[in-house]
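As they're listed, the protein sequences go chains A and B. My numbering applies: residue 42 is where the first sequence begins, and numbers increase by one. My numbering applies: residue 14 is where the second sequence begins, and numbers increase by one. A virtual CB, placed ideally from N, CA and C, is assigned to each residue, including glycine. So the structure is just underneath, and the comments pick up after that.
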Amino acid sequence: NMPTKRKRRGNSAAEKKAKQARLMLEEGLDAIDSTAQQEIVVPAPVSMGKWKNKERVLIFSSRGVNFRTRHLMNDLRTMMPHSKADTKMDRKDKLFVINEVCEIKNCNKCLYFEAKKKQDLYMWMSNSPHGPSVKFLVQNIHTLAELKMTGNCLKGSRPLLSFDPKFDKEPHLALLKELFTQTFATPHYHPKSQPFVDHVFTFSIADNRIWFRNYQIIEEDGSLVEIGPRFVLNIIKIFQGSFGGPTLFENPHFQSPNMHRRELRQASTAKLREKQMLKEIQKMKRFENKEVATKDVTADVFATPGQEKPVHIQEVEPSQEPHKRKPKPFKRRRMQMRS
Amino acid sequence: MTLETSIEDMEDLEEDMEDLEEDEQLGTDSEEEDSELSDSELQDAFAKGLLKPGMNVLTTKSKTCVNNVEGIRQCLAELSKSLPWVERLDLTNLPAEDILARAEGKLPAADGTVNADDDFQREMFFYRQAQASVLEALPRLKKLNIFTKRPGDYFAEMAKSDQQMTKIRKKLISKQAILEKSEKAKKLREQRKFGKKVQVEVIQKRQKEKKDMMNAVKKYQKGMTDKLDFLDGDQKGPAAAGQKTKGDAAKRGPNAKRKSKDDRFGFGGKKSGKKWNTKESHNDVSTFRSKTAHGKGGKGGKKGGKGAQNKRPGKSVRKKMKSHK
Numbered sequence: 042n043m044p045t046k047r048k049r050r051g052n053s054a055a056e057k058k059a060k061q062a063r064l065m066l067e068e069g070l071d072a073i074d075s076t077a078q079q080e081i082v083v084p085a086p087v088s089m090g091k092w093k094n095k096e097r098v099l100i101f102s103s104r105g106v107n108f109r110t111r112h113l114m115n116d117l118r119t120m121m122p123h124s125k126a127d128t129k130m131d132r133k134d135k136l137f138v139i140n141e142v143c144e145i146k147n148c149n150k151c152l153y154f155e156a157k158k159k160q161d162l163y164m165w166m167s168n169s170p171h172g173p174s175v176k177f178l179v180q181n182i183h184t185l186a187e188l189k190m191t192g193n194c195l196k197g198s199r200p201l202l203s204f205d206p207k208f209d210k211e212p213h214l215a216l217l218k219e220l221f222t223q224t225f226a227t228p229h230y231h232p233k234s235q236p237f238v239d240h241v242f243t244f245s246i247a248d249n250r251i252w253f254r255n256y257q258i259i260e261e262d263g264s265l266v267e268i269g270p271r272f273v274l275n276i277i278k279i280f281q282g283s284f285g286g287p288t289l290f291e292n293p294h295f296q297s298p299n300m301h302r303r304e305l306r307q308a309s310t311a312k313l314r315e316k317q318m319l320k321e322i323q324k325m326k327r328f329e330n331k332e333v334a335t336k337d338v339t340a341d342v343f344a345t346p347g348q349e350k351p352v353h354i355q356e357v358e359p360s361q362e363p364h365k366r367k368p369k370p371f372k373r374r375r376m377q378m379r380s
Numbered sequence: 014m015t016l017e018t019s020i021e022d023m024e025d026l027e028e029d030m031e032d033l034e035e036d037e038q039l040g041t042d043s044e045e046e047d048s049e050l051s052d053s054e055l056q057d058a059f060a061k062g063l064l065k066p067g068m069n070v071l072t073t074k075s076k077t078c079v080n081n082v083e084g085i086r087q088c089l090a091e092l093s094k095s096l097p098w099v100e101r102l103d104l105t106n107l108p109a110e111d112i113l114a115r116a117e118g119k120l121p122a123a124d125g126t127v128n129a130d131d132d133f134q135r136e137m138f139f140y141r142q143a144q145a146s147v148l149e150a151l152p153r154l155k156k157l158n159i160f161t162k163r164p165g166d167y168f169a170e171m172a173k174s175d176q177q178m179t180k181i182r183k184k185l186i187s188k189q190a191i192l193e194k195s196e197k198a199k200k201l202r203e204q205r206k207f208g209k210k211v212q213v214e215v216i217q218k219r220q221k222e223k224k225d226m227m228n229a230v231k232k233y234q235k236g237m238t239d240k241l242d243f244l245d246g247d248q249k250g251p252a253a254a255g256q257k258t259k260g261d262a263a264k265r266g267p268n269a270k271r272k273s274k275d276d277r278f279g280f281g282g283k284k285s286g287k288k289w290n291t292k293e294s295h296n297d298v299s300t301f302r303s304k305t306a307h308g309k310g311g312k313g314g315k316k317g318g319k320g321a322q323n324k325r326p327g328k329s330v331r332k333k334m335k336s337h338k
């Protein structure tokens with residue numbers, strides 16, 4: 042007897058849903074009436090529909106990622122029930138090994154996080170066997186656990202995807218839009234998903250970067266609260282093959298983080314370096330062979346001889362007047378009074 | 014000599030060879046750095062007219078980036094799967110209208126660009142984009158029988174655990190509490206200041222009353238007044254009169270005498286040279302007050318009214334009064 046393959050259900054979630062539905066039916070008309078009045082109906086459990094769109098995403102990282110990246114990966118796995126995890130990959134291996142890993146896990150999309158210098162986080166997104174792949178630089182990461190993200194959603198509920206119209210304007214952005222849609226959208230009737238749609242992912246373009254946000258839909262009138270995570274993607278290159286192949290697109294606005302840091306450092310030290318250069322120039326000038334100016338060529342330019350005066354010899358002695366004393370009327374009295 | 018010849022040659026293109034040679038001799042430092050542009054090449058370029066006279070600055074050629082549009086389109090065609098909308102649930106839209114911004118009169122850029130550095134505006138842009146998507150998507154979802162509203166008793170696993178949510182709630186509550194506390198503290202401080210002011214005023218009022226009372230008593234004792242009004246207490250009369258004069262005094266400002274003293278001796282007042290017997294000062298009649306000059310018109314009338322109440326009796330009369338006692 043062949044052991045039957047146990048179908049992996051959505052853990053307790055699907056069971057709970059099924060139970061709930063059964064309970065509702067068992068409780069009879071009263072419950073249904075009351076809920077019908079409020080217009081809230083419990084939908085049928087997910088296993089009732091047939092899961093056709095077989096989309097699986099492999100999310101994993103290289104070694105040397107920091108805690109924030111790890112949390113981000115976990116958050117993405119929470120948000121996307123159609124994702125699979127894998128162990129850390131050694132960075133010494135070449136990138137096309139990832140394709141083999143994807144095949145083993147039977148995934149057709151992949152999100153691979155790579156950290157360099159323990160500072161910069163790069164993300165690869167690819168369509169596994171033949172399709173295109175993109176390399177991004179990830180910045181401004183905020184995870185689910187941050188206390189400012191106050192929203193919450195069902196684990197595994199399907200998201201709405203909202204794109205900026207700028208995605209339709211450029212061809213490479215259109216390609217990215219398609220890739221995002223296929224990667225992040227949870228397939229309908231996926232066994233781990235929930236039948237509600239209660240959160241929305243937004244992809245917007247600002248400052249030549251892609252901004253990702255995740256909001257919870259509270260009311261039907263469109264009031265939203267942020268759930269998280271949130272990050273910013275900076276496109277580096279788009280390749281035709283998965284983790285390799287000819288380059289289809291290169292981002293002209295991209296500046297490598299090393300160059301960016303270098304520029305900042307140079308800007309801060311530019312003034313100092315200028316001063317140093319000036320000092321050196323002065324030193325050099327001091328020890329230069331200087332011309333000794335013995336004769337000034339321009340000395341006679343303004344030479345205007347003075348008027349000749351006749352020589353005058355004084356013969357008579359000038360009369361000496363008696364030395365006049367300064368009038369000090371009260372000084373004598375003061376001196377007398379003092380003594 | 015070199016200076017003069019080089020200036021002339023700048024205008025004359027034909028004598029470029031000599032010009033360049035002289036320039037090279039004078040400024041060899043910069044030339045050595047760019048080995049790509051050798052002297053002969055520069056001469057040739059100048060001869061052809063590619064280089065113009067004047068300062069020529071080196072600029073790096075802008076890096077050409079790959080943008081294989083055809084390849085991208087092909088890739089996109091291969092990648093795209095024709096899925097119904099219900100599988101993808103994707104929408105593309107501009108942000109919803111911001112009523113507040115329109116009311117204030119500052120609309121964002123029409124083409125949808127947002128300044129990434131202005132945090133608040135940027136987040137509002139994303140928020141409104143999400144809102145517009147939600148408003149568009151909800152009716153479509155309803156048609157497809159997909160629910161967005163969760164019933165109150167539907168318990169399922171949430172993305173954030175209950176522990177996390179309680180932490181968040183606690184933080185929000187604590188923030189609010191801190192705000193309220195600071196508000197209360199501010200109000201209390203204000204009240205205390207105000208209370209102190211009021212207290213000081215009351216004390217001053219009491220002292221003034223006491224002083225007035227003592228003065229009134231003294232006057233009566235000395236025989237200046239024979240009315241015992243002050244014993245009746247602070248009824249309407251002195252209060253009203255006091256208020257009136259108090260208000261008046263406040264309006265009038267400091268005394269005229271005080272003012273003139275300030276002008277003469279205070280800071281910023283002219284000390285000397287105020288009185289000059291010049292033609293202008295002689296002809297200046299602005300300080301002439303006819304009433305004062307002609308005796309305030311009270312020569313006849315005032316004597317009867319004033320003299321009876323406030324006039325202090327002379328020495329002999331006082332002596333007589335004293336001895337009588």
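In this structure, does DSSP put leucine 265 of chain A in helix, strand or coil?
If DSSP states are grouped into helix, strand and coil, leucine 265 of chain A belongs with the strands.
Let me know if phenylalanine 371 of chain A comes out buried or exposed under the rule of 16 or more other beta-carbons within 10 Å of its beta-carbon.
Exposed: under 16 other Cβ atoms inside 10 Å.
Return the residue from the list B:Leu96, B:Phe133, B:Asp103 that minimises the CA-CA distance to leucine 151 of chain B.
B:Asp103
Name the residue from B:Gly67, B:Tyr140, B:Arg325 whose alpha carbon lies nearest to the alpha carbon of glycine 269 of chain A.
Of the candidates B:Gly67, B:Tyr140, B:Arg325, the one whose C-alpha sits nearest the C-alpha of glycine 269 of chain A is B:Tyr140.
Go ahead and pull the three-state DSSP assignment for asparagine 249 of chain A.
Asparagine 249 of chain A falls in the coil class under three-state DSSP.
Say whether the region 174–185 of chain B touches the region 176–193 of chain A, bearing in mind that this needs 3 or more beta-carbon pairs closer than 8 Å, one atom from each stretch.
yes
Assuming cysteine 151 of chain A and isoleucine 139 of chain A are in contact, meaning their beta carbons sit under 8 Å apart, how far apart are those beta carbons, in whole angstroms?
6 Å
Chain A partners of glutamine 189 of chain B, CB-CB under 8 Å?
In chain order: nothing, as chain A lies at least about 13 Å away.
Report the three-state DSSP secondary structure of methionine 237 of chain B (helix, strand or coil).
coil
Indicate whether at least one CB of chain A lies closer than 8 Å to the CB of serine 285 of chain B.
Serine 285 of chain B has a beta carbon lying at 8 Å or more from every beta carbon in chain A.
Evaluate aspartate 239 of chain A with the Cβ neighbour count: other Cβ atoms within 10 Å of its Cβ, from every protein chain shown; 16 or more gives buried, anything less gives exposed.
By the neighbour-count rule (16 or more Cβ atoms within 10 Å), aspartate 239 of chain A is buried.
Ends of the beta strand (DSSP E) at tyrosine 163 of chain A?
161–168
Here's a check: name, in chain order, each residue in its chain whose Cβ is nearer than 6 Å to the Cβ of cysteine 143 of chain A, leaving out the five neighbours to either side.
Leu99, Cys151, Ser169
In chain order, what residues of the same chain lie with their CB nearer than 8 Å to the CB of isoleucine 20 of chain A, ignoring the 5 residues before and after it?
Absent from the model: residue 20 of chain A. The displayed extent of chain A is 42 to 380, so no value can be given.
Would you identify the three-state DSSP class for leucine 154 of chain B, choosing helix, strand or coil?
helix
For chain A, is any of its Cβ atoms less than 8 Å away from the one on phenylalanine 139 of chain B?
yes
Put isoleucine 279 of chain A into one of helix, strand or coil per three-state DSSP.
Isoleucine 279 of chain A falls in the strand class under three-state DSSP.
Quick check for students: name the residue ranges of the alpha helix (DSSP H) that lie wholly in the region 274–332 of chain A, counting only runs of 4 or more.
298–327
Could you run through the region 91–111 of chain B and flag, in chain order, every residue whose CB is less than 8 Å away from some CB of chain A?
Glu91, Leu92, Ser93, Lys94, Leu96, Val99, Glu100, Arg101, Leu102, Asp103, Leu104, Thr105, Asn106, Leu107, Ala109
Could you give the C-beta distance for phenylalanine 114 of chain A and phenylalanine 154 of chain A, rounded to a whole number, given that I count them as a contact under 8 Å?
Correcting the residue identity first, residue 114 of chain A is methionine in this sequence and not phenylalanine. With 8 Å as the limit, methionine 114 of chain A and phenylalanine 154 of chain A qualify as a contact, their Cβ atoms being about 6 Å apart.
According to a CB-to-CB cut-off of less than 9 Å, which residues of the region 150–182 of chain B neighbour chain A?
Ala150, Leu151, Leu154, Asn158, Ile159, Phe160, Thr161, Lys162, Arg163, Pro164, Gly165, Asp166, Tyr167, Phe168, Ala169, Glu170, Met171, Ala172, Lys173, Gln177, Met178, Lys180, Ile181, Arg182
For leucine 148 of chain B, go through chain A and note every residue whose CB falls closer than 7 Å to its CB, in chain order.
Gly263
Should histidine 229 of chain A be flagged as near chain B, meaning a C-beta pair shorter than 8 Å?
yes
Relative to chain B, which residues along the region 113–139 of chain A have a C-beta separation below 7 Å, given in chain order?
Thr119, Met120
What residue from A:Ser198, A:Phe272, A:His364 has the CA that sits closest to valine 241 of chain A's CA?
A:Ser198
Could you pull out every unbroken alpha helix (DSSP H) segment of at least 4 residues lying fully inside the region 54–132 of chain B, listed in chain order?
82–92, 98–101, 112–117
Mind checking who asparagine 255 of chain A pairs with in its DSSP beta bridge?
A:Phe242
Which same chain residues end up closer than 8 Å to lysine 125 of chain A when comparing Cβ atoms and leaving out the 5 residues on each side of it in sequence?
Its chain contains Arg97, Val98, Leu99, Ile100, Lys146, Cys148 as the residues whose beta carbon lies nearer than 8 Å to that of lysine 125 of chain A, once the 5 sequence neighbours on both sides are disregarded; these appear in chain order.
Compute the beta-carbon to beta-carbon distance between threonine 243 of chain A and serine 297 of chain A, rounded to the nearest angstrom, for a pair I have assumed lies under 8 Å.
Contact doesn't hold; Cβ gap of about 27 Å is too wide.
Is it the case that the region 115–123 of chain A contacts the region 211–230 of chain A, given that we only count it when at least three CB pairs across the two stretches are under 8 Å?
yes
Given a threshold of 16 other Cβ atoms within 10 Å of its Cβ, counted over all protein chains shown, does isoleucine 186 of chain B qualify as buried or as exposed?
exposed
According to DSSP, is serine 174 of chain A part of a helix, a strand, or is it coil?
Annotated three-state conformation of serine 174 of chain A is strand, per DSSP.
Taking 8 Å as the cut-off, decide whether the C-beta atoms of methionine 130 of chain A and leucine 274 of chain A are in contact.
no
With a threshold of 7 Å, establish whether the CB of serine 174 of chain A neighbours any heavy atom of the ligand ATP.
Annotation note on the ligand ATP: not contained in the displayed structure, which lists no ligands.
Whole angstroms are fine: how far does the CA of serine 174 of chain B sit from the CA of tyrosine 167 of chain B?
15 Å
What residue range is occupied by the uninterrupted beta strand (DSSP E) comprising arginine 199 of chain A?
198–204
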